[in-house]
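See below for the structure under consideration.
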(Lines of atoms letter the chains of each structure in order from A and count residues from 1; the text may use other names and numbers.)
(Lines give C-alpha, C1' and ligand atoms only; values in the text may rest on other atoms or scores of the structure.)
Protein backbone atom coordinates (compact mmCIF):
# COMPACT_ATOMS: atom_id res chain seq x y z
CA UNK A 1 0.00 0.00 0.00
CA UNK A 2 3.05 2.30 -0.02
CA UNK A 3 2.17 4.04 -3.28
CA UNK A 4 -1.43 4.48 -2.21
CA UNK A 5 -0.47 5.96 1.17
CA UNK A 6 1.95 8.34 -0.53
CA UNK A 7 -0.68 9.51 -3.04
CA UNK A 8 -3.71 9.66 -0.72
CA UNK A 9 -3.07 13.06 0.98
CA UNK A 10 -2.89 14.79 -2.41
CA UNK A 11 -5.92 13.07 -3.92
CA UNK A 12 -7.92 15.47 -6.08
CA UNK A 13 -11.36 16.24 -4.64
CA UNK A 14 -14.20 16.15 -7.20
CA UNK A 15 -16.26 19.35 -7.42
CA UNK A 16 -19.35 17.77 -5.79
CA UNK A 17 -17.27 16.72 -2.76
CA UNK A 18 -15.53 20.05 -2.17
CA UNK A 19 -16.38 21.53 1.25
CA UNK A 20 -17.99 24.97 1.48
CA UNK A 21 -16.06 27.79 3.07
CA UNK A 22 -17.85 27.53 6.41
CA UNK A 23 -20.97 26.36 8.20
CA UNK A 24 -20.35 22.61 7.94
CA UNK A 25 -19.58 20.42 10.95
CA UNK A 26 -16.29 18.51 10.97
CA UNK A 27 -16.44 14.71 10.92
CA UNK A 28 -14.16 11.77 10.20
CA UNK A 29 -14.48 8.23 8.87
CA UNK A 30 -12.12 5.28 9.27
CA UNK A 31 -11.16 3.58 6.02
CA UNK A 32 -9.68 0.43 7.48
CA UNK A 33 -7.80 -2.11 5.40
CA UNK A 34 -6.75 -5.48 6.73
CA UNK A 35 -5.66 -8.97 5.75
CA UNK A 36 -8.79 -11.06 6.20
CA UNK A 37 -9.58 -14.75 5.73
CA UNK A 38 -10.37 -14.07 2.05
CA UNK A 39 -7.45 -11.75 1.36
CA UNK A 40 -7.08 -7.97 1.74
CA UNK A 41 -10.34 -6.37 2.80
CA UNK A 42 -12.11 -3.17 3.80
CA UNK A 43 -14.33 -2.64 6.84
CA UNK A 44 -17.85 -1.41 6.05
CA UNK A 45 -21.06 -1.22 8.04
CA UNK A 46 -24.72 -0.78 7.21
CA UNK A 47 -26.62 1.98 8.97
CA UNK A 48 -29.84 1.07 10.75
CA UNK A 49 -33.10 1.80 8.95
CA UNK A 50 -34.24 3.78 12.00
CA UNK A 51 -31.64 6.55 11.62
CA UNK A 52 -32.85 10.04 10.68
CA UNK A 53 -30.13 10.58 8.08
CA UNK A 54 -28.32 8.05 5.87
CA UNK A 55 -30.74 5.35 7.09
CA UNK A 56 -30.02 1.88 5.74
CA UNK A 57 -26.94 2.97 3.82
CA UNK A 58 -23.58 1.16 3.80
CA UNK A 59 -20.88 3.38 5.24
CA UNK A 60 -17.44 3.61 6.76
CA UNK A 61 -17.34 3.76 10.56
CA UNK A 62 -17.27 7.38 11.65
CA UNK A 63 -19.10 10.48 12.80
CA UNK A 64 -18.75 14.00 14.12
CA UNK A 65 -15.51 15.18 15.72
CA UNK A 66 -16.01 15.90 19.43
CA UNK A 67 -13.83 18.34 21.43
CA UNK A 68 -12.14 15.49 23.30
CA UNK A 69 -11.12 13.61 20.15
CA UNK A 70 -8.11 15.73 19.38
CA UNK A 71 -8.94 15.79 15.69
CA UNK A 72 -10.05 13.49 12.85
CA UNK A 73 -7.87 10.51 13.81
CA UNK A 74 -9.19 10.36 17.36
CA UNK A 75 -12.76 10.76 16.17
CA UNK A 76 -12.47 8.05 13.51
CA UNK A 77 -11.02 5.54 15.96
CA UNK A 78 -13.53 6.37 18.70
CA UNK A 79 -16.52 6.11 16.38
CA UNK A 80 -15.23 2.84 14.89
CA UNK A 81 -14.83 1.35 18.36
CA UNK A 82 -18.35 2.42 19.33
CA UNK A 83 -19.99 1.27 16.11
CA UNK A 84 -18.16 -2.00 15.45
CA UNK A 85 -16.44 -2.95 18.72
CA UNK A 86 -12.96 -2.99 17.16
CA UNK A 87 -9.93 -2.40 19.38
CA UNK A 88 -8.21 0.85 18.30
CA UNK A 89 -4.91 -0.50 19.63
CA UNK A 90 -4.88 -2.94 16.72
CA UNK A 91 -5.08 -0.16 14.11
CA UNK A 92 -2.09 1.62 12.61
CA UNK A 93 -3.09 5.01 11.19
CA UNK A 94 -1.29 5.48 7.87
CA UNK A 95 -2.47 8.87 6.60
CA UNK A 96 -5.48 11.08 6.00
CA UNK A 97 -7.13 12.24 2.79
CA UNK A 98 -8.46 15.73 1.95
CA UNK A 99 -11.81 16.73 3.42
CA UNK A 100 -14.94 15.74 1.52
CA UNK A 101 -18.30 17.44 1.83
CA UNK A 102 -21.49 15.41 2.33
CA UNK A 103 -24.24 17.81 1.32
CA UNK A 104 -27.15 15.74 2.66
CA UNK A 105 -25.84 15.78 6.23
CA UNK A 106 -23.79 18.99 6.04
CA UNK A 107 -20.54 17.39 7.24
CA UNK A 108 -16.96 18.08 6.20
CA UNK A 109 -15.53 14.56 6.39
CA UNK A 110 -11.85 13.68 6.75
CA UNK A 111 -11.12 10.10 5.62
CA UNK A 112 -8.57 8.47 7.94
CA UNK A 113 -6.69 5.57 6.34
CA UNK A 114 -5.75 2.71 8.66
CA UNK A 115 -4.15 -0.72 8.53
CA UNK A 116 -5.55 -3.42 10.82
CA UNK A 117 -2.25 -4.90 12.03
CA UNK A 118 -4.01 -6.84 14.79
CA UNK A 119 -7.66 -7.48 13.82
CA UNK A 120 -10.25 -7.87 16.55
CA UNK A 121 -13.76 -9.25 16.42
CA UNK A 122 -16.33 -6.80 15.10
CA UNK A 123 -20.11 -6.67 15.29
CA UNK A 124 -22.88 -4.10 15.16
CA UNK A 125 -22.74 -1.75 18.14
CA UNK A 126 -25.84 0.30 18.97
CA UNK A 127 -28.68 -1.36 16.99
CA UNK A 128 -30.31 2.06 16.66
CA UNK A 129 -27.33 3.15 14.55
CA UNK A 130 -25.74 0.05 13.03
CA UNK A 131 -27.53 -2.90 11.45
CA UNK A 132 -24.50 -4.98 10.43
CA UNK A 133 -20.72 -4.95 9.98
CA UNK A 134 -18.76 -6.64 7.19
CA UNK A 135 -15.16 -7.14 6.14
CA UNK A 136 -15.48 -6.83 2.37
CA UNK A 137 -12.65 -8.37 0.32
CA UNK A 138 -10.97 -5.96 -2.09
CA UNK A 139 -11.32 -8.68 -4.73
CA UNK A 140 -15.11 -8.37 -4.48
CA UNK A 141 -15.00 -4.59 -4.78
CA UNK A 142 -12.82 -4.79 -7.91
CA UNK A 143 -14.78 -7.64 -9.52
CA UNK A 144 -16.45 -6.15 -12.63
CA UNK A 145 -19.51 -8.34 -11.98
CA UNK A 146 -20.13 -6.43 -8.72
CA UNK A 147 -19.82 -2.95 -10.22
CA UNK A 148 -22.54 -0.72 -11.65
CA UNK A 149 -23.85 2.82 -11.60
CA UNK A 150 -27.10 3.87 -9.95
CA UNK A 151 -29.45 6.67 -10.90
CA UNK A 152 -31.57 8.67 -8.48
CA UNK A 153 -34.95 10.27 -9.36
CA UNK A 154 -33.14 13.63 -9.66
CA UNK A 155 -31.08 12.22 -12.51
CA UNK A 156 -27.85 11.94 -10.50
CA UNK A 157 -25.74 8.95 -11.57
CA UNK A 158 -22.90 7.57 -9.48
CA UNK A 159 -20.82 4.43 -8.89
CA UNK A 160 -22.14 1.53 -6.84
CA UNK A 161 -21.11 -1.94 -5.71
CA UNK A 162 -23.13 -5.07 -4.93
CA UNK A 163 -21.19 -6.92 -2.22
CA UNK A 164 -22.07 -8.97 0.87
CA UNK A 165 -25.83 -8.47 0.38
CA UNK A 166 -25.33 -4.69 0.32
CA UNK A 167 -25.83 -2.10 -2.38
CA UNK A 168 -23.01 0.35 -1.66
CA UNK A 169 -23.79 3.72 -3.25
CA UNK A 170 -23.66 7.47 -2.59
CA UNK A 171 -20.79 9.02 -0.64
CA UNK A 172 -19.30 5.67 0.42
CA UNK A 173 -19.31 4.21 -3.09
CA UNK A 174 -17.81 7.41 -4.46
CA UNK A 175 -14.94 7.19 -1.97
CA UNK A 176 -14.37 3.47 -2.61
CA UNK A 177 -14.39 4.12 -6.37
CA UNK A 178 -11.75 6.82 -5.95
CA UNK A 179 -9.67 4.68 -3.56
CA UNK A 180 -9.48 1.87 -6.09
CA UNK A 181 -8.35 4.31 -8.77
CA UNK A 182 -5.69 6.00 -6.61
CA UNK A 183 -4.36 2.64 -5.37
CA UNK A 184 -4.19 1.23 -8.90
CA UNK A 185 -6.46 -1.68 -7.97
CA UNK A 186 -9.40 -0.83 -10.24
CA UNK A 187 -10.24 -3.23 -13.07
CA UNK A 188 -12.14 -2.35 -16.25
CA UNK A 189 -15.89 -2.65 -15.76
CA UNK A 190 -19.05 -1.86 -17.70
CA UNK A 191 -19.78 1.77 -16.82
CA UNK A 192 -22.83 1.69 -19.09
CA UNK A 193 -24.55 -0.63 -16.61
CA UNK A 194 -26.90 1.89 -14.98
CA UNK A 195 -29.80 0.91 -12.72
CA UNK A 196 -32.37 3.01 -10.91
CA UNK A 197 -31.96 3.18 -7.16
CA UNK A 198 -34.36 0.71 -5.49
CA UNK A 199 -37.50 2.39 -4.08
CA UNK A 200 -36.59 1.37 -0.53
CA UNK A 201 -33.20 3.07 -0.84
CA UNK A 202 -34.86 6.25 -2.12
CA UNK A 203 -37.39 6.22 0.72
CA UNK A 204 -34.67 5.90 3.36
CA UNK A 205 -32.39 8.46 1.70
CA UNK A 206 -35.10 11.11 1.55
CA UNK A 207 -36.24 10.64 5.15
CA UNK A 208 -36.23 13.85 7.18
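Numbering (our numbering), first residue to last: 1 to 208.
Quick reminder that beta carbons are idealized off the backbone N, C-alpha and C, glycines included.
If you draw a straight line from the Cα of residue 63 to the Cα of residue 45, it comes to about 13 Å. Approximately 20 Å separates the beta-carbon atoms of residue 142 and residue 59; this is outside 8 Å, ruling out the contact. In its chain, beyond the 5 residues on either side, 5, 8, 9, 113 have a beta carbon closer than 6 Å to the beta carbon of residue 95.
A distance below 8 Å between beta-carbons, with the five flanking residues on each side excluded, links residue 49 to the following residues of its chain, in chain order: 55, 56, 131, 204. Residue 92 has 115 as its beta-bridge partners, per DSSP.
For a cut-off of 8 Å, the C-beta gap from residue 88 to residue 77 is around 4 Å, short enough to register as a contact.
Below 8 Å, too few C-beta pairs join the region 144-156 and the region 67-75 to call them touching: fewer than three. When DSSP states are grouped into helix, strand and coil, residue 72 belongs to the helix group. When C-alpha distances from residue 42 are compared across 168, 104, 108, 155, the shortest belongs to 168. Counting only runs of at least 4 residues, the region 124-186 fully encloses the following alpha helix (DSSP H) elements, listed from N- to C-terminal order: 138-142, 170-183.
According to the DSSP assignment, residue 87 belongs to no alpha helix (DSSP H), since it is labelled neither H nor E.
In the DSSP assignment, residue 18 falls outside any beta strand (DSSP E) and carries neither an H nor an E. Rounded to whole angstroms, the Cβ separation of residue 36 and residue 137 is 7 Å, and the two are in contact under 8 Å. Judged by beta-carbon spacing, residue 83 lies within the 8 Å limit of residue 61, meaning their Cβ atoms are closer than that value. Apart from the 5 residues on each side of it in sequence, residue 118 sits with its Cβ closer than 6 Å to the Cβ of 90 in its chain, given in chain order. Measuring C-alpha to C-alpha distances from residue 195 to each of 178, 185, 182, 162 identifies 162 as the nearest. For residue 199, the enclosing alpha helix (DSSP H) covers residues 199-205.
Counting the other Cβ atoms within 10 Å of the Cβ of residue 14 gives fewer than 16, which makes it exposed. In the DSSP assignment, residue 47 is bridged to 130. For the pair residue 197 and residue 152, the Cα-to-Cα distance works out to about 6 Å.
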